[in-house]
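J.: Quick note: the sequence shown, position 34, residue 42 per our numbering, numbers continuous. Here a beta-carbon is modelled for each residue, glycine too, at the ideal position from N, C-alpha and C. Sending over a structure as structure tokens; questions will come in a sec.
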Amino acid sequence: LGGVIISERLLENLRRSNHPDALFGHGLTYTSHPVGCAVALKNLDLLEESVLAHTQAVAPYFQARLKTLEELPLVGEVRGVGLMGCVECVADRESKDPLQLDKDVGKRIDAHCHE
Numbered sequence: 009l010g011g012v013i014i015s016e017r018l019l020e021n022l023r024r025s026n027h028p029d030a031l032f033g034h035g036l037t038y039t040s041h042p043v044g045c046a047v048a049l050k051n052l053d054l055l056e057e058s059v060l061a062h063t064q065a066v067a068p069y070f071q072a073r074l075k076t077l078e079e080l081p082l083v084g085e086v087r088g089v090g091l092m093g094c095v096e097c098v099a100d101r102e103s104k105d106p107l108q109l110d111k112d113v114g115k116r117i118d119a120h121c122h123e
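Printed below as a string of structure tokens:
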């Protein structure tokens, strides 16, 4: 969901600097799209239904479970706040050398997830 607001003064300057028949493209891909508006309204409903309280209740569990990933040799560091988390994957845990993306990182992570 998006929108653009500009002053009348700026709009007049744009009109003067362009061809009289020029179109000022100022929208976003889904501006005022009915689905986007419906989703935004539903989000407002959810926010009014104690989403914050629920998040605060489940975040400690999420963070605790996230921290268990530190046991994996592929993981250099785990950090997070609330329901946001970051898992830093490394090639070597001791040196914390970063993984090279050409070393089948996805397959390695997938293999560890299935252990």
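Suppose only complete runs of 4+ residues qualify. What are the alpha helix (DSSP H) ranges in the region 13-75, listed by chain order?
T.: Whole alpha helix (DSSP H) segments, 4+ residues: 16-25, 42-56 and 59-75.
J.: Quick check: the region 53-60 against the region 71-89, are there 3 or more CB pairs under 8 Å?
T.: No, they do not touch.
J.: Quick one: residues in its chain with C-beta nearer than 8 Å to the C-beta of A99, no 5 flanking neighbours on either side, listed in chain order?
T.: Around A99: D105, P106, L107, Q108 and K111.
J.: What span of residues does the beta strand (DSSP E) with D100 cover, start to end?
T.: Run containing D100: M92 to D100, per the beta strand (DSSP E) assignment.
J.: Look at the Cβ atom of L74, then the Cβ atom of G90, and state whether they are nearer than 7 Å.
T.: Their beta carbons are not under 7 Å apart, which means L74 does not touch G90 by this criterion.
J.: Looking at L77 and V66, is the spacing between their C-beta atoms short of 7 Å?
T.: Contact flag unset, no.
J.: Report the three-state DSSP secondary structure of D105 (helix, strand or coil).
T.: Reduced to three states, the DSSP call for D105 is strand.
J.: According to DSSP, is E85 part of a helix, a strand, or is it coil?
T.: Looking at E85 - three-state DSSP - the assignment turns out to be strand.
J.: Quick one: what's got a C-beta closer than 7 Å to P81's C-beta in the same chain, skipping five residues either side?
T.: So the qualifying residues of the chain are R101.
J.: Do you know offhand how far N26's Cα is from S40's?
T.: Near 26 Å, if we compare the C-alpha coordinates of S40 and N26.
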